[in-house]
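2 protein chains.
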Amino acid sequence: MKPRVFLGIDIGGTNIELAVVGIRGRLLAQDTVETRPNDGPVNAFARIGERVSSLVGGSRDVEAAGVGCAGLVDFGRGKLLSSPNLPTWRNTALSRIARRHLGVYTVVDNDANAAAFGEYKRGVGRGARSFVCITLGTGVGGSIILDGRVLRGRKNYAGEIGHMTISERGPLCKCGNRGCLEAYVGADALVRSAMKKLRRGSGSLLWRWIRDQKRAASPRLIAEAAKKRDAAARAVFDEAGAHLGTAMASLINVFNPDVIAVAGRVAAAFSLMERSMWDTIHERAFAEAVGVVAIQRGGLGKSAAAIGAALLARQAVRERADDPRGG
Amino acid sequence: MKPRVFLGIDIGGTNIELAVVGIRGRLLAQDTVETRPNDGPVNAFARIGERVSSLVGGSRDVEAAGVGCAGLVDFGRGKLLSSPNLPTWRNTALSRIARRHLGVYTVVDNDANAAAFGEYKRGVGRGARSFVCITLGTGVGGSIILDGRVLRGRKNYAGEIGHMTISERGPLCKCGNRGCLEAYVGADALVRSAMKKLRRGSGSLLWRWIRDQKRAASPRLIAEAAKKRDAAARAVFDEAGAHLGTAMASLINVFNPDVIAVAGRVAAAFSLMERSMWDTIHERAFAEAVGVVAIQRGGLGKSAAAIGAALLARQAVRERADDPRGG
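Chains as they are written, first to last, in this note's numbering: chain A, 9 to 335; chain B, 9 to 335.
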């Protein structure tokens, strides 16, 4: 019998990240294919299928696959209900399409759960009993892993950390609510905060980059300026860090976690937010619970969700087999 | 062999509630003894011990006991670290004292966990996979039960729902933080809110009760006035309900629970808060998750923590025996 491996598929709006993980959870291979969202999910999985055999190699067998995808996922049915990155893929039975093109049992989950599970098994969450992962990007997502299992809640909608209210009368969020964490630290909020500061002050490096050099304002550009000690750019991340700290303080009081990870694209700016984040946490959370929590930037970078999706497939297979070794 | 039963002990600042629960979790008997906190925990447990034999009856054997107590509890060691109601009982090894006077294995937990477990097993949380219980009183406590187990976190400090931030610049809380749920809906906050409204308006029924009849302002009195359609008193609970709804919306987005219970002394006013609470939840939480949650007043009243403590003892004994039937 050939060694069994698990395939992880993280579907983004532009690229699909692939990861192959062994029976013991070790990362064996990685690849990237284009999403081409307008070609539809069937074509995307056909292209993934073409790539798999060379990625896995003839000496191994794929036992199961895991798909991570931004958006609302019906976990039980393996269906993507809606996704901000893939608007035309509404109500798509991804697990069925994947099964057809890959020939294996496939689980589908949202990308925040997949990324968190990756960090929990192979990244900064290793060994944690109570692990919270916050993903910072255009949206702010999250996932909680307790005793080795993703917290799903009644219908798999749990983990929407980005839509915890941190100020009842705060700014409007895209979800329609006011004062969500995402309305303070999502990518759009960071850019808005920077533009507001720039309109007030002048002489900023960031201002020169955006106005004179016509560079597009983005969290990455703001972080670049902050790293060059630009005051306005630093203030953007100081303030964002404080708001992130408020949400983390609530999570610490409610979950008493041993590890919180900050993942996602904007996590590259984690070090710029760290000081104000910790200041706020010390102000707001119980010292006993603060004393046991480590807060770290995720360790797997953009591979987290693909690796985590493969590991979720591995866990699902073990549970289907009712393997007493567990996930 | 005599039938085995479990004893639950809920230690409050004034009274200790006792409950006896059978092997199948049925409530068999209840009693109340005075706490007399200044006489110390040893005397309190001696008095409990004297009461137990008549409560349990000669035809049954107590197999284990559970203690619920407000405050910070070291669950692993069975120790009460500190308690707002029992300031002189600091660092007390309650499980050891209980064992000496009752002669049985004893688990110690905080009263919010005990009350939640009672509601989960015998009250409004029955059958829930994901259950959140909020206790409203002088303090605002909470506990989360997932797949039949209390969410404890790394060191058993989880569940501090009363100290989630709902407004970063909100009023000061006794914990030192600003804008905690407790600073809006704790008993003191309700009284403060009423007094503020009364100073502004006049002719209120509540105003006459407090100023002319010298009745003490309390959540109970405000609720009494609200039930007689006093406008100021109604406004107090409308506003509190909206803040409670904000916290619940965050909990719904993070846990996707199937049941939320509102327990504790101030839960008697739940019906007065219900409308504004639901309005806020619909505004703030994801419709998919709101659609599956039931929110109800706790069904066990002031017995919840004593019953729950007995049931926690039962669960602990089963786990020690590694009984596959579980808790």
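Backbone N, C-alpha and C fix where the C-beta goes; we use that ideal spot for every residue, glycine too. Please read all numbers here as calculations on a predicted model, not as lab measurements.
Where residue i meets chain B, residues with beta-carbon distance less than 9 Å
i, result
"A/Lys163", "Asn264, Asp266, Glu296, Ala297, Gly299 and Val300"
Under 8 Å between C-beta atoms of residue i and residue j
i, j, result
"A/Thr40", "A/Ala52", "no"
"A/Ala318", "A/Val28", "yes"
"A/His251", "A/Tyr165", "no"
"A/Ile153", "A/Ala124", "yes"
"A/Gly126", "A/Ala312", "yes"
"A/Arg273", "A/Gly170", "no"
"B/Gly76", "B/Ser90", "no"
"A/Ala240", "A/Leu206", "yes"
"B/Gly150", "B/Ala120", "yes"
"A/Arg104", "A/Pro11", "no"
"B/Leu35", "B/Ile315", "yes"
"B/Gly147", "A/Val262", "no"
"A/Gly131", "A/Leu308", "yes"
"A/Asn264", "B/Arg157", "no"
"A/Leu320", "A/Asp117", "yes"
"B/Val115", "B/Val70", "no"
"A/Met281", "A/Ala248", "yes"
"B/Leu159", "B/Ala73", "no"
"A/Val13", "A/Gly33", "no"
Proximal residues to residue i (C-beta, below 6 Å), its chain only, five neighbours per side dropped
i, result
"A/Val267", "Gly133, Ala136, Phe139 and Ala302"
"A/Ala255", "Met172, Ile174 and Leu189"
"A/Ala101", "Lys87"
"A/Val270", "Ile142, Phe278 and Arg305"
"B/Arg55", "Val41"
"B/Leu94", "Pro45"
"B/Glu291", "none"
"A/Arg336", "The question about residue 336 of chain A has no answer, for chain A in this structure spans 9 to 335."
"B/Ala297", "Ile260 and Asn264"
"B/Tyr128", "Phe139 and Ile153"
"A/Arg322", "Phe14"
"A/Arg98", "Ser90"
"A/Gly253", "Met285, Thr288 and Ile289"
Within chain A, the residues that residue i reaches when beta carbons sit closer than 7 Å
i, result
"B/Ser138", "Gly161 and Arg162"
"B/Ala166", "Val262, Phe263 and Asn264"
"B/Asn185", "Glu291 and Arg292"
Residues sharing a beta bridge with residue i, DSSP
i, result
"A/Phe139", "A/Ile153 and A/Val267"
"B/Gln304", "B/Ala269"
"B/Cys77", "B/Ile19 and B/Asn118"
"A/Thr100", "A/Leu88"
"B/Asp378", "Any answer about residue 378 of chain B is impossible in this case: the structure gives chain B only from 9 up to 335."
"A/Ser175", "B/Ser175"
"A/Val158", "A/Ile153"
"B/Cys188", "B/Thr173"
"B/Leu144", "B/Val148"
"A/Leu280", "Answer is none; A/Leu280 lacks a bridge partner."
"A/Asp69", "A/Arg12"
"A/Val214", "The question names Val, but residue 214 of chain A in the sequence shown is Leu. For A/Leu214, which the question treats as bridged, DSSP gives no partner whatsoever."
"B/Asp82", "B/Lys87"
"A/Tyr113", "A/Ala72"
Partners in chain B for residue i, counting only beta-carbon separations shorter than 7 Å
i, result
"A/Ile169", "Val262"
"A/Leu198", "None at all; the shortest Cβ gap to chain B is about 17 Å."
"A/Ile174", "Thr173 and Glu176"
"A/Thr143", "Correct list: empty, because the minimum Cβ distance to chain B is about 14 Å."
Same chain, Cβ closer than 7 Å to residue i, five either side skipped, listed in chain order
i, result
"A/Asp155", "Arg137"
"B/Phe294", "Asn261"
"A/Asp246", "Ser284"
"B/Arg223", "Trp217 and Leu229"
"A/Trp215", "Leu206"
Contact set between residue i and chain A, taken where Cβ atoms lie within less than 9 Å
i, result
"B/Leu80", "Phe294 and Glu296"
"B/Ala257", "His171, Met172, Thr173 and Asn185"
Residues near residue i in its chain [Cβ-Cβ closer than 8 Å; skip 5 each side]
i, result
"B/Asn23", "Thr40, Val41, Glu42 and Thr43"
"B/Ala84", "Per the sequence presented here, residue 84 of chain B reads as Gly, with Ala not at that position. Closer than 8 Å at Cβ, skipping near neighbours: Asn164."
"B/Pro179", "Arg186, Gly187, Ala191, Tyr192 and Ala197"
beta-carbon residue i near the ligand PLP non-hydrogen atom, thresh 7 Å
i, result
"A/Pro92", "Because no ligand of any kind appears in the structure shown, any question about the ligand PLP cannot be addressed here."
Where residue i meets chain A, residues with beta-carbon distance less than 8 Å
i, result
"B/Leu154", "Leu154 and Leu159"
"B/Thr254", "Thr173 and Glu176"
Below-8 Å beta-carbon distance, residue i vs any chain C residue
i, result
"A/Ser279", "As a matter of chain content, chain C is missing from the structure shown, whose protein chains are A and B."
Worksheet item: Are the stretch 273-287 of chain A and the stretch 207-214 of chain A in contact at 8 Å, needing three or more beta carbon pairs?
Response: No, the stretch 273-287 of chain A does not touch the stretch 207-214 of chain A.
Worksheet item: Counting Cβ pairs, one atom from each stretch, are 3 or more of them under 8 Å apart for the stretch 178-185 of chain B and the stretch 230-246 of chain B?
Response: No contact exists between the stretch 178-185 of chain B and the stretch 230-246 of chain B.
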